[in-house]
Amino acid sequence: MTDVLNPTHIQTEDHGHEEHHGPTGVLKWITTTDHKVIGMSYTITAVMMLVIGGLLAEIIRAQLASPTGGLVSLAQYNQLFTMHGSVMIYLFAGPFAFGAIANFLVPIQIGAPDMAFPRLNALSYWLYLTGCITMLSGFFTSGGAANFGWVGYAPLSNSMNSPGAGADLWIGALLLTGFSAIFTGVNLTATIFYLRAPGMTMFRMPIFTWNMLVTGILILLAFPVLTAGLIMLYADRHFGTHIFSVAGGGVPVLWQHIFWFWGHPEVYILALPFFGMVSEIIPVFAKKPTFGYKGMIFATLTIAALSLGVWAHHMFTTGVVLLPFFSAMSLLIAVPTGIKMFNWIGSMWRGQVWFSTAMLMSIGFVITFLIGGITGIYLASPPLDFFTHDTYFIVAHFHSVVMALVLGAMGGLYFWGPKMTGYLLNEKLGKSQFWFLFIGTQVFTFPQYLLGLRGMPRRMAVYPHDPQWQFLNQLSTLGAVLIGISTILFVVNVAVSWKKYPAGDNPWDGHTLEWFTTSPPPHHNFYRLPKIRSERPTWDYNHPEHKALAHGHNNEDVNA
Amino acid sequence: MESTTLPPQDAPIRKRRSRRLRLIAVLPFAALALSGCTLPKFGAVAGDTTSSQSVFHLWQAFSVAAVIIGGFTFGLILWASFRYRRSSADAIPRQVQYHLPAEVLYTVLPILVIVGLFAATLVVENKVTANPKPSTTVNVLAFQWGWKFTYPGSYALVTGQTTGSPEMVIPAGENVHINLRSSDVIHGFYVHDFNFSRFAQPGIKNEFTFNALKTGTFFGQCTQLCGLYHSIMFFKVKVVTPQAYKVWLESFNTPAGIAAYNAANTAASQQTSTHVDTKPTSSSGAY
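So the protein sequences, as listed, match chains A and B.
This note's numbering puts the first residue of the first sequence at 1, with every later residue one more than the last.
This note's numbering puts the first residue of the second sequence at 1001, with every later residue one more than the last.
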């Protein structure tokens, strides 16, 4: 700790005397409060959820390859897409972002020894793991898993229409993972506000940390609303309340308001961490600072603010919220998102772009997110939403977005995996994984856009009257197979590269503090810290003659 | 905010950019003005009602903006990644972090485009959600897993489940007012060729108006997950001439038709529903 407070003091050898003597092996993983070990647990669990969710998706796509299906029954199909969406949204995307990568990275990026509340952090993980098991155990109940879609609209989710235990397990799992997310939000926010190293001012924080701060605040604003809604839903199902039932004087559409008041900020709770990852990866592999650093931070804050006022754009077709306000707010989100897009392009502009796997994944993210973002603008317009809502156009839109996040997640694993484990992944396998994932994503989504415009609704187990949709569906299934192959390549890569390519402290010539410490970092993260005088302390330390140019100095001659 | 002094050679670049800015901002409106005579369809259908055609033109306007802005941005991404591939592992580029004119440009320009798209949205939305004086009213009741169509002021009644695809008969060229309800869970009333969908919800009556341009039979189906047979909760919209429509309505005014009507309503009211109308005389629907 003295070294942290005395950043100029450089300690080169005798690392050994600070080593932490805690339990090892299984006991370490169970009893730890170290944010790095918890982050690793989160990473492993979340990637397993990604694989499970992906397997469910492959079954869905296999069923849709033929108009009459035949692989699964109508009832099983409803469970499949419900659990696919739930696993991916609740158990993979969010926890991977704020539980795995952020948990590991944020304290290191701000030069802190751990999270602000290490034991709360451990509780978050165990709640999350319990939630995963709870949700998936729905498959082993007599009635099967939840089957009312990942949004659980009332009154389909009431005890009359969805009587099984699977639905209750789904609600229970969401309560557990919801509290897990809230505690992580508390932890991230407190850590970032209170545990920054000397010199690490707010505007010297890495973009990823900034995005995690905003994500943490959004979690605190949004998740309690979902939790409250879930308790109401559970009360309706079991305690005889009538909050969402017409017969008892309740209002079913209230569930949609509550759900989407959480649900739209949730979109950014999912996306912002991946925006942050890509915003770290691209500048490092272009060897430039993040273009428009401050503009990007304000764009992130704007997105967060707007995200709280757009929930009703999920409900235009209910007919009860046609206020143009929601359309205007939703359209406006395109502006800060566009700023980010141009920041990423500007970070590469006139750089020295190194096509590592992490960089390819990030460029793939930017392209795929561009497609998902632009199709999202259509949906902010109520008349266009009327005829695309609940069709495959929507499915394609949000899969463009979430598959961009998967590309970002993979980029993050290739980029920070070496920091977490000390070993690099094989670049050759990584690049073939990228091409399968990137091409697979486009082959998967493009036919779905067309299917939606041709009138195919979502959540259809069969389409017996419309055999003309079969070819596009098969094309989409082919895309899903390519994505599946990319996942297998990732698993193969982890196995092949296991402890094979030592990473060293700073394999990518990184910018931020995590590249200043060892891979993996020691128990309390740092033996020493560099001077923090910009958002790139490690770069400044390694390249003191190449500091970022100030405002207005962009047209100077290089050698002047 | 730090002040920025630009060297003089930057000025012509800015001028060119602001011209491009104006061009892009104007394009969506130009596209709307062209009304799709020469524009591609961008995958959608023009639709067979008056408002569906407005929606289609809005779709085209959004698509033109999307293709231009998306194509421009896509080109920039590819250019930035391939043009600036690293020359050697040690080369370090100039560490440019800010470029205020560019930053202002990519903030202001999207705002202008958004204002244009929002204005177009407002115009079309007001048209699509308007409920002009109807000449015909149809009460639509969605239930698990079928549809029931009744016509206030007549004994006409059509109902059917799943692949039975009941037909909603409406006249062409007239304002047909739809009162949409659900007796159980949420359903989606969706007619692809009308470029329109609306939720049927318990406890809420949704109203909208169709004005079909031509006769024909159009497929519709439930779009909102409603349980086991959601995938096959079909219906049809049969648009006929006003004369044929009158004849069709009258065909129910027989002892057999009246008996069937009353039987259906008695059965419905005996079951559970409080939403089913019992008297065929109300013109606004008895829900």
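Yeah, the Cβ is synthetic: ideal placement off N, Cα and C, and Gly gets one too.
Secondary structure note for residue 1198 of chain B: its beta strand (DSSP E) is the uninterrupted segment 1196 to 1200.
In the DSSP assignment, residue 1178 of chain B falls outside any alpha helix (DSSP H) and lies within the beta strand (DSSP E) extending over 1175 to 1182. Of the candidates B/1113, B/1184, B/1057, B/1184 places its Cα closest to the Cα of residue 245 of chain A.
Within the region 148 to 180 of chain A, 148, 149, 153, 155, 156, 161 place their CB atoms closer than 8 Å to a CB of chain B, listed in sequence order. Residue environment for residue 514 of chain A: buried (at least 16 other C-beta atoms within 10 angstroms of its C-beta). Membership of residue 397 of chain A in the alpha helix (DSSP H) is indicated by the continuous run 392 to 421. In this structure, the alpha-carbon of residue 329 of chain A lies about 38 Å from that of residue 75 of chain A. Cβ proximity to chain B below 8 Å picks out 381, 382, 383, 384, 386, 387, 389, 390, 391 from the region 381 to 396 of chain A.
According to the DSSP secondary-structure assignment, residue 1211 of chain B is paired through a beta bridge with B/1175.
Nearest CB-CB separation between residue 271 of chain A and chain B: not below the 8 Å threshold. Per DSSP, residue 293 of chain A is one residue of the alpha helix (DSSP H) stretching across 293 to 307.
Going by C-alpha positions, residue 55 of chain A is about 23 Å away from residue 267 of chain A.
Under the Cβ criterion of 8 Å, residue 363 of chain A is counted among the residues facing chain B.
Along the region 456 to 483 of chain A, going in chain order, the ones with a CB nearer than 8 Å to a CB of chain B are 457, 458, 459, 460, 461, 462, 463, 464, 465. Interface with chain B (8 Å Cβ-Cβ cutoff): residue 428 of chain A is excluded. By the beta-carbon neighbour count (other beta carbons within 10 angstroms, threshold 16), residue 458 of chain A is buried. Residue pairing of residue 1085 of chain B in beta bridges, as defined by DSSP: A/353. Closer than 8 Å to the CB of residue 321 of chain A there is not a single CB belonging to chain B.
Annotated as distal: residue 393 of chain A and residue 463 of chain A, with beta-carbon spacing of 8 Å or more.
Contact with chain A is found for residue 1059 of chain B, since one of that chain's Cβ atoms lies less than 8 Å from the residue's Cβ.
Note that the C-beta distance between residue 400 of chain A and residue 372 of chain A is below 8 Å. Ranked by how close their Cα comes to the Cα of residue 258 of chain A, the residues A/516, A/304, A/232 have A/232 in first place. Per DSSP, the beta-bridge partners of residue 1222 of chain B are B/1189. Cα atoms of residue 93 of chain A and residue 1171 of chain B: separation of roughly 50 Å, rounded to the nearest angstrom. Contact between residue 473 of chain A and residue 64 of chain A holds: CB atoms are separated by about 5 Å, below the 8 Å threshold. Contact residues of the region 1226 to 1242 of chain B toward chain A are 1226, 1227, 1228, 1229, 1230, 1231, 1232, 1234 (C-beta to C-beta distance below 9 Å). When DSSP states are grouped into helix, strand and coil, residue 1249 of chain B belongs to the helix group. Residue 487 of chain A does not reach chain B, its nearest Cβ partner there being about 25 Å away, counting only Cβ pairs nearer than 9 Å. Beta-bridge partners assigned by DSSP to residue 1170 of chain B: B/1239.
By the CB criterion at 8 Å, residue 299 of chain A and residue 269 of chain A fall outside the cutoff.
For residue 350 of chain A, a Cβ of chain B is located within less than 8 Å of the residue's own Cβ.
Minimum Cα-Cα distance from residue 1103 of chain B among the listed residues A/390, A/416, A/341, A/537 corresponds to A/341. The beta carbon of residue 212 of chain A sits no closer than 8 Å to any beta carbon of chain B. DSSP, read as helix, strand or coil, puts residue 103 of chain A in helix. Apart from sequence neighbours up to five positions away, the residues of its chain that approach residue 314 of chain A with a beta-carbon distance below 6 Å are 260, ordered along the chain. In this structure, the beta-carbon distance from residue 1187 of chain B to residue 1226 of chain B falls below 8 Å.
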